[in-house]
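Numbering that gives the first Met the number 0 puts the first residue of the sequence shown at 0, with every later residue one more than the last. For glycine and all other residues, C-beta sits at the position ideal for the given N, C-alpha and C. First up is the structure itself, then whatever we jot down about it.
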Amino acid sequence: MTDSEWTVLASGIGLLLVYGLLHMSGLELIRTLKPKQEKHRYAGLLFTFWGLALLHLIEIAMGAGLLAFLLSYPGHGALSSGFGSTVADYLYFAGVSFSTLGYAQLEAHGAIRLLVMMLALSGFMLITWSATFIYTIWGETFRH
0 MTDSEWTVLA
10 SGIGLLLVYG
20 LLHMSGLELI
30 RTLKPKQEKH
40 RYAGLLFTFW
50 GLALLHLIEI
60 AMGAGLLAFL
70 LSYPGHGALS
80 SGFGSTVADY
90 LYFAGVSFST
100 LGYAQLEAHG
110 AIRLLVMMLA
120 LSGFMLITWS
130 ATFIYTIWGE
140 TFRH
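Structure, rendered in structure tokens:
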């Protein structure tokens, strides 16, 4: 592997570590702040849903930021020619990579592919974790 590939891979692994800590903290915050079911039966469930959506959007923005940062340095690769390099473009590509295992109209070339792979892996893991969490909240809502 080249130095650029090691740099991108290490950055992706670092992002995965940060995602794990952020997500765990976010889930705990949501659990703590969600409204009690005694007052409004579905408020806690809806709060959890929107909290998870916000948490995932923050995670996607972090991935987009790292993607933009790494692509600003020569030798780390590029995205296909249709990529416009705007904030919206980076958010779109990171979001699609995060939520669909990387199925987008854009292709990654060079070392940056390793980060795209890490975005897809982490997105799958975090979305699954969130689904398990909201399923638990759903069960609590109807148990009472």
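The beta carbons of L54 and H22 sit closer together than 8 Å. Under the Cβ criterion (8 Å, minimum of three pairs), the stretch 117 to 136 counts as touching the stretch 35 to 50.
L114 counts as buried, since at least 16 other C-beta atoms from the protein chains shown sit within 10 angstroms of its C-beta. One Cα belongs to T140, the other to Q36, and the distance between them is close to 7 Å. In the structure shown, A107 falls within a strand segment according to DSSP collapsed to helix, strand and coil.
In the DSSP annotation of this structure, the continuous segment of the alpha helix (DSSP H) that includes Y89 starts and ends at 86 to 99. In summary, H108 is exposed, with fewer than 16 beta-carbon neighbours lying within 10 Å of its beta-carbon over all protein chains present. By the Cβ criterion, the stretch 121 to 129 is in contact with the stretch 54 to 66, since at least three pairs of Cβ atoms, one from each stretch, lie closer than 8 Å. Under DSSP, the beta-bridge partners assigned to L78 are A107. The stretch 60 to 74 makes contact with the stretch 90 to 102; the number of CB pairs closer than 8 Å reaches 3 or more.
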